[in-house]
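Here's the structure, in structure tokens; my notes come after.
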Amino acid sequence: MSEKKADFTQNLLNWNKGKNHRKMPWKGEKDPYKIWLSEIILQQTRVEQGWAYYEKFLEAFPTVHHLAIAAEQKVFKLWEGLGYYNRCRNLIATAKRIDAEYNGQFPNTYEEILSLKGIGPYTAAAIASFAFGLPHAVVDGNVTRVLSRYFGNPTPIDTTAGKKLYTELADSLLDKEQPDSYNQAIMDFGATICLPRNPLCDDCMQQTGCQAWQKGWTTQLPVKEKSIQKKQRWFYYFIVEVPDDKVYIRQRTKKDIWEGLFEFILWETDEPVYFNDNHLPPSDFLGQLFDGQALTVRYISRVYRQELSHQTIQGQFLTVRLKKPLPSLKDYLLIHRDQLGEYAFPRFINAWLLDPTPAQSLF
DNA sequence: AACACGGGGAC
DNA sequence: GTCCCAGTGTT
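Here the first sequence stands for residues 1 to 363, numbered as in the UniProt record's numbering.
Okay, structure coming up:
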């Protein structure tokens with residue numbers, strides 16, 4: 001077994017030195033701030049999707065100090081569209097902590113790095129190895145797939161037992177003299193050769209030692225235990241206009257999707273609502289909100305739809321006019337339409353903002 | 001241990 | 001449609 005492990009590691013390092021042609025802007029980087037930034041952006045995110053965000057962030061915030069003192073709104077606006085917005089919240093919190101507690105110098109031990117918000121075992125190992133040459137093996141989706149296949153192991157990768165097993169296996173395979181090269185190599189190998197579907201086994205330098213290949217299990221591995229089921233949600237957004245082209249928005253603060261992003265006045269239901277003529281079913285909702293003040297419905301949009309990993313959002317945008325603003329509407333900001341671009345919105349809302357197609361005009 | 005959290009790209 | 005991506009935090 002240990003001989004097989006040595007082969008695996010040596011093959012990987014040889015491949016990395018000679019035939020790994022994968023290029024990425026943060027590759028070979030030694031600045032822990034830049035490595036951290038890239039790793040946070042790339043959590044559950046494809047390299048191609050995160051690439052432009054990394055460059056935007058680095059330009060706006062060249063050091064952790066720049067990020068720490070930035071207006072939160074500006075950071076969210078840059079993160080807009082990337083998803084998993086808690087990453088952005090934690091990014092800000094950790095930047096502030098490093099700036100204040102570590103005087104802007106990134107901590108250089110695995111335990112300290114792991115203690116930072118938004119940094120788990122994977123990201124801590126990546127920063128520790130890439131920035132400081134510390135011997136910690138990364139375990140991400142690439143690594144579990146590669147190890148499950150190479151060692152022909154059917155242990156599900158998405159269980160506690162599986163995480164423990166593949167983490168220990170990864171640590172035993174790590175080249176402690178060059179943990180950075182090894183970690184880079186195994187992830188690049190997974191991303192370019194040992195692909196999730198249709199891996200390039202014919203061109204693979206690990207073929208002869210690969211259990212999955214020898215036993216024909218390649219398409220069966222890795223095993224995942226949990227399956228996702230989608231929830232259906234219906235969002236009806238009211239764009240409430242008051243004189244001088246102002247609208248109400250608020251920041252989502254609940255533990256739910258899009259926390260930290262902005263939205264209009266939301267009426268959520270668990271089944272679709274069919275609007276007809278000039279009649280608005282949620283009169284109770286709006287009546288309560290505006291204390292019975294008369295409303296004029298101006299537009300009702302087409303039905304917009306967005307697929308997320310775990311839920312399907314469908315809904316419409318209803319433009320409504322009020323004669324005068326309310327003295328105060330709890331939690332809401334009253335802003336000019338021209339200022340909408342300064343706030344970060346979920347993609348579902350931006351789709352409408354970009355193309356506010358009305359299904360009907362109701363003047 | 002189970003669940004929640006986005007958006008995009010490949011098939 | 002389904003899968004999965006340089007995973008983490010909460011309950």
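Using N, Cα and C, we set each Cβ at its ideal position, and we do this for glycine too.
Only a predicted model underlies this, so the values are computations on that prediction, with no experimental measurement involved.
Q. The alpha helix (DSSP H) spanning residue 167 covers which residue range?
A. In the first sequence, counting from the first residue as 1, residue 167 sits at position 167. From DSSP, the alpha helix (DSSP H) with residue 167 extends over 160-173.
### Query
Looking only at C-alpha atoms, which of 122, 222, 337 and 236 sits nearest to residue 144?
As a first step, residue 144 is located in the first sequence; it is residue number 144 there, counting from the start. Distances from the CA of residue 144 to each of 122, 222, 337 and 236 were compared; the closest alpha carbon is that of 222.
>> Do residue 87 and residue 40 count as a contact pair if the criterion is CB distance below 9 Å?
In response: Taking the first sequence and counting its residues from 1, the one referred to as residue 40 is at position 40. Taking the first sequence and counting its residues from 1, the one referred to as residue 87 is at position 87. In contact: residue 40 and residue 87 (Cβ atoms closer than 9 Å).
**Request:** Out of 17, 1 and 172, state which residue places its alpha-carbon closest to the alpha-carbon of residue 188.
**Result:** As a working mapping, residue 188 is identified with position 188 in the first sequence. Checked all of 17, 1 and 172; the closest Cα to residue 188 is 17.
ask   = What do you reckon, are the CB atoms on residue 365 and residue 146 nearer than 9 Å?
value = Any question about residue 365 goes unanswered here, given that the chain covers just 1 to 363.
Original post:
Is the stretch 119-133 close to the stretch 24-35, with three or more CB pairs under 8 Å?
Top reply: Taking 8 Å as the limit for Cβ pairs, the verdict is that the stretch 24-35 does touch the stretch 119-133.
Residue from 352, 266, 326 and 264 whose Cα sits closest to the Cα of residue 305: Counting from 1 along the first sequence, the entry for residue 305 is found at position 305. For residue 305, the nearest C-alpha among the options comes from 352.
### Query
Mapping DSSP to helix, strand and coil, what is residue 39?
Your numbering for residue 39 matches position 39 in the first sequence. For residue 39, the three-state secondary structure derived from DSSP is helix.
Reference residue 260; option with closest CA among 79, 233 and 64: Reading the first sequence from its first residue, position 260 is the one you call residue 260. Selected option, being the one with the closest Cα: 79.
Which of helix, strand or coil does DSSP assign to residue 269?
-> If you number the first sequence from 1, residue 269 lands on position 269. DSSP places residue 269 in strand when its eight states are reduced to three.
For a test of the three-state rule: what should DSSP assign to residue 65, helix, strand or coil?
Position 65 of the first sequence, counted from the start, is the residue given in the question as residue 65. Look at residue 65 here: in three-state DSSP terms it is helix.
Notebook entry, point to check: Going along the chain, which residues of its own chain have a beta-carbon closer than 7 Å to the beta-carbon of residue 158, five neighbours each way excluded?
Noted result: Taking the first sequence and counting its residues from 1, the one referred to as residue 158 is at position 158. Its chain contains 224, 225 and 226 as the residues whose beta carbon lies nearer than 7 Å to that of residue 158, once the 5 sequence neighbours on both sides are disregarded; these appear in chain order.
Cross-strand partners of residue 251 (DSSP beta bridge):
To locate residue 251, count along the first sequence from 1; it is residue 251. The bridge partners DSSP lists for residue 251 are 262.
Can you tell me which of the three DSSP states residue 362 falls into?
Your numbering for residue 362 matches position 362 in the first sequence. Any answer about residue 362 is weak, because its pLDDT of 48 lies below 50 and its placement is not dependable; what the coordinates show is given next. It is coil, neither helix nor strand.
I need the straight-line Cα distance from residue 99 to residue 65, nearest angstrom please. As a first step, residue 99 must be located in the first sequence, where it is residue number 99. As a first step, residue 65 must be located in the first sequence, where it is residue number 65. For the pair residue 99 and residue 65, the Cα-to-Cα distance works out to about 6 Å.
Contact set for residue 7: own chain, Cβ-Cβ below 7 Å, skip 5 residues either direction: Here residue 7 corresponds to residue number 7 of the first sequence, with the count starting at 1. Cβ neighbours of residue 7 beyond the five flanking positions: 209.
Note to self: Does residue 184 come out as helix, strand or coil in the three-state DSSP assignment?
What the structure shows: On the first sequence, residue 184 is found 184 positions in, with the first residue counted as 1. Helix at residue 184.
Whole-angstrom distance between residue 54 and residue 329, CA atom to CA atom:
Translated into positions along the first sequence, residue 329 becomes position 329. Translated into positions along the first sequence, residue 54 becomes position 54. Spanning the two alpha carbons is a distance of roughly 37 Å.
Return the bridge partner residues of residue 336 from the DSSP annotation. To locate residue 336, count along the first sequence from 1; it is residue 336. DSSP lists 246 as partners of residue 336.
Assuming residue 72 is part of the alpha helix (DSSP H), what are its boundary residues?
For the purposes of this step, residue 72 is taken as residue 72 along the first sequence, with counting starting at 1. Note, residue 72: alpha helix (DSSP H), 72-79.
Self-check item: Buried or exposed (CB count within 10 angstroms, at least 16 for buried), residue 292
Solution: Here residue 292 is taken as the residue at index 292 of the first sequence, counted from 1. With fewer than 16 other Cβ atoms within 10 Å, it is exposed.
query: If you count every other CB in all the chains shown that lies within 10 Å of the CB of residue 384, and 16 or more means buried, which is it?
result: Since the first and last residues shown for the chain are 1 and 363, residue 384 lies out of range.
Thinking just about the alpha-carbon of each residue, which of 138, 287, 14 and 255 is nearest to the one in residue 265? Counted from its first residue, the first sequence places residue 265 at position 265. Cα-wise, what sits closest to residue 265 is 287.
ask   = Span of the beta strand (DSSP E) holding residue 315?
value = Here residue 315 refers to the residue found at position 315 of the first sequence. Its beta strand (DSSP E) spans residues 311-322.
**Study point:** Buried or exposed (CB count within 10 angstroms, at least 16 for buried), residue 154
**Key:** Counting from 1 along the first sequence, the entry for residue 154 is found at position 154. Answer is exposed; the Cβ neighbour count stays below 16.
- Message: Rounding to the nearest angstrom, what Cα-Cα distance links residue 255 and residue 19 in this structure?
- Response: Along the first sequence, one-based indexing puts residue 255 at 255. Along the first sequence, one-based indexing puts residue 19 at 19. One C-alpha to the other measures close to 45 Å.
*Does DSSP classify residue 239 as helix, strand or coil?*
Reading the first sequence from its first residue, position 239 is the one you call residue 239. Correct three-state label for residue 239: strand.
Between the CA atoms of residue 168 and residue 436 - distance to the nearest angstrom:
With the chain covering 1 to 363 only, the question about residue 436 has no answer from this structure.
*asked:* Please report the straight-line C-alpha distance between residue 342 and residue 74, rounded to a whole angstrom.
replied: As a working note, residue 342 is residue 342 in the first sequence. As a working note, residue 74 is residue 74 in the first sequence. Between the alpha carbons of residue 342 and residue 74 lies a gap of roughly 8 Å.
- Looking at the structure shown, is residue 127 part of a helix, part of a strand, or coil, going by DSSP? Taking the first sequence and counting its residues from 1, the one referred to as residue 127 is at position 127. Correct three-state label for residue 127: helix.
Task: Stretch pair the stretch 307-320 + the stretch 331-339: three plus CB contacts closer than 8 Å - done: Using a C-beta cut-off of 8 Å, the stretch 307-320 makes no contact with the stretch 331-339, since fewer than three inter-stretch Cβ pairs fall below that distance.
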